[in-house]
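Peer 1: Sharing a structure, written as structure tokens. Questions coming.
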Amino acid sequence: MDYAIKDIDLAPGGRHRMDWANAEMPVLESIGDMFEAEKPFDGLRVGGCMHVTTETANLMVALQRGGADVFLCASNPLSTQDDVAAALVSHYEIPVYAKRGQDNETFYKYMNAVLDHKPHIVMDDGADVATALHRDRRELLDNLYGGTEETTTGVIRLRALANEGKLEYPVIAVNDALTKHMFDNRYGTGQSTLDGIIRATNYLLAGKTFVVGGYGWCSRGVATRARGMGSNVIVTEVNPLKALEAVMDGFRVMPMAEAAKLGDIFLTATGDIHVFDLHHMEDMKDGALLANSGHFDVEINIAALAEKCGEPQQVRPSVQQYTFPNGKKINILGEGRLINLAAAEGHPASVMDMSFAGQAMAAKYLADNKGKIENAVHTMPVELDMDISSRKLQAMGIDIDVLTPEQEKYLNSWEEGT
Ligand code: ADE
Numbered sequence: 034m035d036y037a038i039k040d041i042d043l044a045p046g047g048r049h050r051m052d053w054a055n056a057e058m059p060v061l062e063s064i065g066d067m068f069e070a071e072k073p074f075d076g077l078r079v080g081g082c083m084h085v086t087t088e089t090a091n092l093m094v095a096l097q098r099g100g101a102d103v104f105l106c107a108s109n110p111l112s113t114q115d116d117v118a119a120a121l122v123s124h125y126e127i128p129v130y131a132k133r134g135q136d137n138e139t140f141y142k143y144m145n146a147v148l149d150h151k152p153h154i155v156m157d158d159g160a161d162v163a164t165a166l167h168r169d170r171r172e173l174l175d176n177l178y179g180g181t182e183e184t185t186t187g188v189i190r191l192r193a194l195a196n197e198g199k200l201e202y203p204v205i206a207v208n209d210a211l212t213k214h215m216f217d218n219r220y221g222t223g224q225s226t227l228d229g230i231i232r233a234t235n236y237l238l239a240g241k242t243f244v245v246g247g248y249g250w251c252s253r254g255v256a257t258r259a260r261g262m263g264s265n266v267i268v269t270e271v272n273p274l275k276a277l278e279a280v281m282d283g284f285r286v287m288p289m290a291e292a293a294k295l296g297d298i299f300l301t302a303t304g305d306i307h308v309f310d311l312h313h314m315e316d317m318k319d320g321a322l323l324a325n326s327g328h329f330d331v332e333i334n335i336a337a338l339a340e341k342c343g344e345p346q347q348v349r350p351s352v353q354q355y356t357f358p359n360g361k362k363i364n365i366l367g368e369g370r371l372i373n374l375a376a377a378e379g380h381p382a383s384v385m386d387m388s389f390a391g392q393a394m395a396a397k398y399l400a401d402n403k404g405k406i407e408n409a410v411h412t413m414p415v416e417l418d419m420d421i422s423s424r425k426l427q428a429m430g431i432d433i434d435v436l437t438p439e440q441e442k443y444l445n446s447w448e449e450g451t
């Protein structure tokens, strides 16, 4: 079997951690049981480019139980858990191409290794596979049933491709499912981002001024959790509606140019470029911490910082310290890559359970409907969100009410009023 991982001897530890995560993923497990009985992927190859974590590993196993031949590469150079990569190869015979710390050239080499297996379904996390397929590997397009996309950033890129009329296969935007972004982006990013910042620095968050770039689902999760830890939180936004929501949620809102002078900790999760630019960093306090939880490492202008300050000092495993000519120091966490995966373990399994239930069901939908789906970016039907929510509640042992016939009738009528 062809694969590229750091160390196969790490497999036993990786398998224990996969099982640990699996205990928090009952919805995915129940879908895996259904896949095992129905074998929706018999004869199909699924190629994933995702964060190689315990949670992703359990998704790959669920697809394999459904009859798929599965291949996996990493969607980020710093997020790979090498023990998990080893466990997938050693215990599940799933070819994995991922080593934590791999460089950009290796990233593309490994993605192409997955594509060389000629997948029928691709699972993207950031749309890098889609870009490769449309630009460099067009010979594989005919073979494709379709793809899925995990992130907001990836969905934005894919919609841009579709808007230009150039999308060559149907994509299910798993991110846009309510059971994904309302939970994974908010509670997952919220908790795991603080986890990453704390693991990287061992800083106390209470009493610190914590600046959050953006007030989308990810950023608001971080802002809310940081407030819960006792930080004094400032939000910056470009969208007036979201800014207003942040104000009414009780946050201070101001332009980044003002927030830059006040913050101790800065976190961006906007999906846009240079949210923390050099002129902001020039205004920040000595010792400020900067981190990113957006998909790509473009949100902090590290290139401009490096040009001004020269090489950084590695002062802790996930902290690079840049010194300005006047002696002021700025700390960049996790090289500006997704801090929750670079310095911690990503979103907890319990929330990935719902995201990956969506991924699994989206893949089944593509397998069941080959050739019948338009080449567009599709959202998942709301019934699927209801099904995933019901399964999650059931697994949590929580019952809810059902409408009485009288209530149902009332909600479907228009006669009764004042
Ligand atoms: N994205 C964020 N957290 C993740 C996790 N734990 N596994 C896979 N992808 C993720």
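For the sequence shown, the numbering used here assigns the number 34 to the initial residue and increments by one for each residue that follows. Ideal Cβ placement from N, Cα and C applies to all residues, glycine included.
(1) Look up residue 82 in the DSSP assignment and give the residues it is bridged to.
(2) Beta strand (DSSP E) containing residue 378: first to last residue?
(3) So does residue 303 have its beta carbon nearer than 8 Å to some heavy atom of ligand 1?
(4) With residue 130 and residue 37 assumed to form a contact (beta carbons below 8 Å), what rounded beta-carbon distance in angstroms separates them?
(5) From which residue to which residue does the alpha helix (DSSP H) around residue 137 run?
(6) Taking the beta carbon of residue 250 as the centre, do at least 16 other beta carbons fall within 10 Å, making it buried, or is it exposed?
(7) List the endpoints of the continuous beta strand (DSSP E) containing residue 182.
(8) Assuming residue 86 contacts residue 114 under a Cβ cut-off of 8 Å, what Cβ separation, rounded to an integer in Å, is found between them?
(9) For a minimum of 4 consecutive residues, which ranges assigned as the alpha helix (DSSP H) are wholly contained in the region 191–262?
(10) Can you grab the Cα-Cα spacing for the pair residue 134 / residue 445, in whole Å?
(11) What is the residue span of the beta strand (DSSP E) that residue 347 lies within?
(12) Helix, strand or coil for residue 114, going by three-state DSSP, please let me know.
(13) Taking 8 Å as the line, does the beta carbon of residue 396 fall inside it for any heavy atom of ligand 1?
(14) Excluding the 5 residues preceding and the 5 following residue 178 in the sequence, name in chain order all residues of the same chain whose CB lies nearer than 6 Å to its CB.
(15) Mapping DSSP to helix, strand and coil, what is residue 295?
(16) Report yes if the CB atom of residue 360 is closer than 9 Å to the CB atom of residue 213, and no otherwise.
(17) Within 10 angstroms of the Cβ of residue 171, are there 16 or more other Cβ atoms? Answer buried if so, exposed if not.
(18) For residue 87, which residues does DSSP report across the bridge?
(19) When you compare only the Cα positions, how much space is there between residue 333 and residue 436?
(20) From the DSSP output, which residues share a beta bridge with residue 325?
(21) Counting Cβ pairs, one atom from each stretch, are 3 or more of them under 8 Å apart for the region 418–425 and the region 51–65?
(22) In terms of residues, what are the limits of the beta strand (DSSP E) holding residue 366?
(23) I'd like to know if the region 259–278 and the region 241–250 are in contact, where contact means that at least 3 CB-CB pairs between them fall below 8 Å.
(24) The beta strand (DSSP E) with residue 355 in it runs from where to where?
(25) Which residue's Cα is closest to the Cα of residue 416: 77, 128, 211 and 123?
(26) Candidates 274, 408 and 258: which alpha carbon is nearest residue 222's?
(27) Since residue 160 and residue 182 should fall inside the 8 Å C-beta cutoff, what is the C-beta to C-beta distance between them, to a whole number of angstroms?
(28) I want to know whether the region 318–326 touches the region 356–374 - three or more CB-CB distances under 8 Å.
(29) Check whether the Cβ of residue 378 sits closer than 8 Å to any heavy atom of ligand 1, and report yes or no.
(30) Is the beta carbon of residue 339 closer than 9 Å to that of residue 355?
(31) Starting from the Cα of residue 8, find the closest Cα among 119, 102 and 110 and give me that residue.
(32) Closer than 8 Å to a non-hydrogen atom of ligand 1 - does that hold for the CB of residue 110?
(33) Assuming residue 148 contacts residue 121 (C-beta within less than 8 Å), just tell me the rounded distance between them.
(34) Count the other C-beta atoms from every protein chain shown that fall within 10 angstroms of the C-beta of residue 438, then say buried if there are 16 or more, exposed otherwise.
(35) When you compare only the Cα positions, how much space is there between residue 46 and residue 273?
(36) Less than 8 Å between the CB of residue 83 and some heavy atom of ligand 1, yes or no?
Peer 2: Let me spell this out:
(1) 106 and 157
(2) Residue 378 -> no beta strand (DSSP E), and no H or E assigned at all.
(3) no
(4) 5 Å
(5) 137–148
(6) buried
(7) 179–182
(8) 5 Å
(9) 222–234 and 250–261
(10) 57 Å
(11) 346–349
(12) coil
(13) no
(14) 153, 154, 399 and 403
(15) helix
(16) no
(17) exposed
(18) According to DSSP, residue 87 bridges with nothing at all.
(19) 49 Å
(20) 301 and 371
(21) yes
(22) 362–366
(23) yes
(24) 352–356
(25) 211
(26) 258
(27) 6 Å
(28) yes
(29) yes
(30) yes
(31) The shown model of the chain, from 34 to 451, leaves out residue 8, and the question about it has no answer.
(32) no
(33) 18 Å between Cβ atoms; not a contact.
(34) exposed
(35) 48 Å
(36) yes
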